[in-house]
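Mapped onto mature numbering (1 follows the signal peptide of the UniProt record, and there is no 0), the consecutive letters of the sequence shown carry residue numbers -30 to -1, 1 to 424.
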Amino acid sequence: METAQIKHSRTRRLALLAGAAVALLGASIAALPDAGASVPPTPSGWTQVFADDFNGSANTGVNTGNWLYDLGHGYPGGAGNWGTGEIENMTNSTQNVYLDGGGNLAIRPLRDGAGNWTSGRIETQRTNIAAPAGGKLRVEARIAQPNVNTSNGAGYWPAFWMLGAAARGTGATGWPGIGEIDILENINGRPSVFGALHCGTNPGGPCNETTGIGSGERPCGGCNGGYHTYAIEQDRSTSPEQIRWYLDGNNFFTINANQVDATTWNNATHHGFFIILNVAIGGGFPAAFGGGPFASTVSGAAMMVDYVAAYTAGGGGGGGTTPPPTSGKAVKGPGGLCLDVRSSNSASGTPVQLWGCNGTGAQQWTYVEAGSTLRAFGKCLDVSGGSTANGAKIQIWDCNSTGAQVFIHRADNTYYNPASNKCLDDPNGSTTPGIQMQIWDCNGSGAQKFTLPQ
């Protein structure tokens, strides 16, 4: 699912893969049993780091501890129509996004009497769903695509995908370099599935944007209205690293890291992601396969989701609880001062301040890409109390995988905290040693410039 940048007619998608071959091969894929069950047991050797099985009363909204609603026609500060040309208005109404009471989520596009469409799009609150260095990440969901076909589904565009954490709060203006992994896309009621990685620069670049590095159209017989399991595995334990796509456990597409340069790959994949579920209507991708919506397009066919789960294996494990290396490096901030744990006190709750650079353990930091955490003394840089307010103080705390500990280092040398939509900040740009750090609205000033450990 393309994100909030001006991009993508997807006319370069391999339409040649559509048609008879897809229909023939798709017939061999059997639908899974009806959904509504709990998340499956965690596979041996893996650690579950996120899960939602959408249990709840019928016609209620999603758990907002796990999910946030995207609203309108684009991210604040991002491109209109979500950058794809889609036409629906995303809402948080239970007419569009609701639990069915049987353990499933429904995302239902609706057309009103004037021909206007509404639909739903939700994202995980967490942005640190990541493959640990030297390990693996698996993200999967059991989904029934909208029960439409090519005669009544023109314009339908359901998707299950992941977007790089740096998109949160920035209008996704760093797309596609920040990375996007499309686990499932389908358009126009076709009996098929598409997968893709978006990376590099747009247009063109090493990842052939706006198309991305894609699987082309792959058969998915019975997927419209039938439950199937869609998954990716991001594997950082092999050389070259890989991303693998699965349909009902069958690997149907693989991308190797050496298909692009190392910088492009690392920028797109070596960080946290958030997960997105949505059903778009119209836009460039459906247009590349005949267009829509039309008068014949049915209203109200929902994408049904039984569960979503994410797992890690090997490497750093759970992406927020792994002890860091025993030695680190200095993080330099305003005035050439260093980020410092006050009085070299390793206890949770100790303030983080600026101090003259001295090479002590209080200034030895490591940046853990899997989860985007900055660590000292085996603890994580943390917003006190999980506050999202301007002026909230910075401390160290036991690593716990919460949003208060996610700090994404961006190209402009700012550390962005998606949970608060704010940046690590030196109050008033002070160069007085001992001043405690805070979060503040991102403004690009010198008060918010901090290096990676170096």
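Glycine is no exception: its CB is placed at the ideal position from the N, C-alpha and C atoms.
The beta carbon of residue 395 sits closer than 8 Å to those of 407, 408, 409, 410, 417 and 418, all from its chain and outside the five residues before and after it, given in chain order.
Restricting attention to 241, 220, 326 and 70, the CA atom closest to the CA of residue 275 is found in 70. With contacts defined by Cβ atoms closer than 8 Å, residue 134 and residue 227 do not form a contacting pair. The segment 72 to 140 is shown to contain whole beta strand (DSSP E) runs of 3 or more residues at 75 to 77, 87 to 89, 91 to 94, 105 to 114 and 126 to 134, in chain order.
At the C-beta level, residue 130 and residue 111 come within 8 Å of one another. Residue 364 is positioned such that its CB atom lies closer than 8 Å to that of residue 353.
Among the bridge pairs identified by DSSP, residue 203 is matched with 108 and 214. By the Cβ rule, the segment 117 to 126 counts as touching the segment 154 to 165, because three or more pairs are nearer than 8 Å. Note that the segment 101 to 108 touches the segment 265 to 284; at least 3 beta-carbon pairs, one per stretch, sit closer than 8 Å. Taking a cut-off of 8 Å on C-beta distances, the segment 95 to 106 touches the segment 198 to 210, as three or more cross pairs fall below it.
The three-state reading of DSSP puts residue 304 in helix, counting H, G and I together. By the CB criterion at 8 Å, residue 420 and residue 301 fall inside the cutoff. Between residue 39 and residue 59, the C-beta gap is not smaller than 8 Å, which leaves the two residues out of contact. Taking a C-beta distance under 8 Å as the contact criterion, residue 225 and residue 132 do not qualify as a contact pair. Distance from the Cα of residue 219 is smallest, within the candidate group 35, 264, 183 and 202, for 202. Secondary structure within the segment 347 to 389: the beta strand (DSSP E) runs of 3 or more consecutive residues, fully enclosed, are 349 to 353, 364 to 367 and 385 to 387 (chain order).
Contact between the segment 46 to 56 and the segment 93 to 102 is not established, with fewer than three Cβ pairs separated by less than 8 Å.
The residue from 181, 83, 187 and 178 with its alpha-carbon nearest to that of residue 164 is 187.
376 is the residue among 194, 358 and 376 whose C-alpha sits nearest the C-alpha of residue 339.
In summary, residue 402 is exposed, with fewer than 16 beta-carbon neighbours lying within 10 Å of its beta-carbon over all protein chains present.
The shortest CA-to-CA distance from residue 151 to any of 182, 140, 172 and 174 is the one to 182. DSSP places residue 399 in the helix class (H, G or I) of the three-state scheme. In this structure, residue 55 lies near residue 254, with their beta-carbon atoms less than 8 Å apart. For the options 370, 137, 335 and 80, the alpha carbon positioned closest to that of residue 267 is the one of 80. Here residue 328 is exposed. Its C-beta has fewer than 16 other C-beta atoms within 10 Å. Each residue's CA atom was taken as its position, placing residue 41 and residue 91 some 8 Å apart. Contact between residue 177 and residue 230 holds, since their C-beta atoms are separated by about 6 Å, short of 8 Å. Counting every other CB atom within 10 Å of its CB across the protein chains shown gives residue 28 a total below 16, marking it as exposed.
Annotation for residue 68: 29, 30, 31 and 76 place their beta carbon closer than 7 Å to its own, counting only its chain and skipping 5 residues before and after. In its chain, beyond the 5 residues on either side, 139 have a beta carbon closer than 6 Å to the beta carbon of residue 391. Under DSSP, residue 406 takes part in a beta bridge, and its partners are 323. Spanning the alpha carbons of residue 243 and residue 384 requires a straight line of approximately 18 Å. Looking at the backbone, the Cα of residue 190 and that of residue 389 are separated by about 37 Å. Here residue 256 carries a helix assignment [DSSP, helix/strand/coil]. Listed in chain order, the non-local C-beta contacts of residue 319 below 6 Å within the same chain comprise 365, local neighbours out to five positions each way being set aside.
For residue 336, the enclosing beta strand (DSSP E) begins and ends at 336 to 338.
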